[in-house]
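Since the structure comes first, as structure tokens, the remarks are kept for the end.
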DNA sequence: GACGCATATCGTTGATCTACGATAAGAAAA
DNA sequence: TTTTCTTATCGTAGATCAACGATATGCGTC
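Chains as they are written, first to last, in the working numbering: chain A, 1 to 112; chain B, 113 to 224.
Below you can see the structure in the form of structure tokens.
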């Protein structure tokens, strides 16, 4: 009746569990980062920020068919994921890609 | 009053638009694929399918702390994204990664 | 044909997203 | 200090997600 293959719950107290835990950690992180760009508008924002060498402020809004508040909301999500950083520059705010995080995302996806 | 930079709506009838359109297309596709794995459970499923050389059926359910119906729902999402394929094998169904799609996802992310 | 197993689908509930307009907050300029 | 500009936040409405249990479906087996 028990036709489980080699790597199943039977040895749930050995390396299995450790492996599962690290998998979960990276799964969680990958899910978090991919979720950040799991919307066309946010992909677009990231592409925009990458296309310019330096940071950009609310021109992003001009480039998108969305209300300013909506863009701000998307930026918040990107910031919370760590993919994007924002720096205050006088009255406006400059956004730029967090290359470190982008690299991590790329690595996590590539390692799939 | 008009302080737009070089690449703005002013030349909205030239190459600008074409570029924007292709950007949108890839943005859309990238958003779709990343959204498919934008959940820990779905990342876990993908990792599981990749860890085995061949397809797997409902053992996935055993490996996850989720109800069968929930897992099935996640599988449906993965199938709809194209990242996963399912083949009927007698009474059960074998799932496997669609390598082509996974490659596309990797390329899209790497090209960011 | 009736049963058992594996999987999908339905229906529901609560949470979260997405989008917007309106408004607040902060800094420079008048 | 008041105004203006830029950005964030609030409040809201509708849509979608995530999870579950219950049920339907489809295929082998008795």
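We put the beta carbon where it would ideally sit given N, CA and C, even for glycine.
Endpoints, the alpha helix (DSSP H) within which residue i is located
i                      : result
residue 56 of chain A  : First-last for residue 56 of chain A: undefined, no H or E at that position.
residue 77 of chain A  : 68 to 81
residue 157 of chain B : 152 to 163
Cβ separation of residue i and residue j, assumed to be a contact under 8 Å, to the nearest whole Å
i                     : j                      : result
residue 98 of chain A : residue 109 of chain A : Contact doesn't hold; Cβ gap of about 16 Å is too wide.
residue 46 of chain A : residue 60 of chain A  : Not really, about 11 Å apart at Cβ, beyond 8 Å.
Close beta carbons around residue i, own chain, < 6 Å, minus the five adjacent residues each side
i                      : result
residue 24 of chain A  : none
residue 218 of chain B : none
residue 216 of chain B : none
Beta-carbon proximity list for residue i, same chain, < 7 Å, skipping 5 on both sides
i                      : result
residue 153 of chain B : 176, 178 and 186
residue 26 of chain A  : 108
Rounded straight-line distance, which links the Cα of residue j to that of residue i
i                      : j                      : result
residue 87 of chain A  : residue 95 of chain A  : 6 Å
residue 82 of chain A  : residue 150 of chain B : 15 Å
residue 33 of chain A  : residue 146 of chain B : 9 Å
residue 188 of chain B : residue 167 of chain B : 16 Å
residue 102 of chain A : residue 203 of chain B : 43 Å
residue 201 of chain B : residue 111 of chain A : 30 Å
residue 119 of chain B : residue 190 of chain B : No answer about residue 119 of chain B holds up, because its pLDDT of 32 lies below 50 and its placement is not dependable.
residue 140 of chain B : residue 148 of chain B : 12 Å
residue 43 of chain A  : residue 142 of chain B : 8 Å
residue 163 of chain B : residue 68 of chain A  : 44 Å
Delimiting residues of the beta strand (DSSP E) encompassing residue i
i                      : result
residue 209 of chain B : 204 to 209
residue 89 of chain A  : 84 to 89
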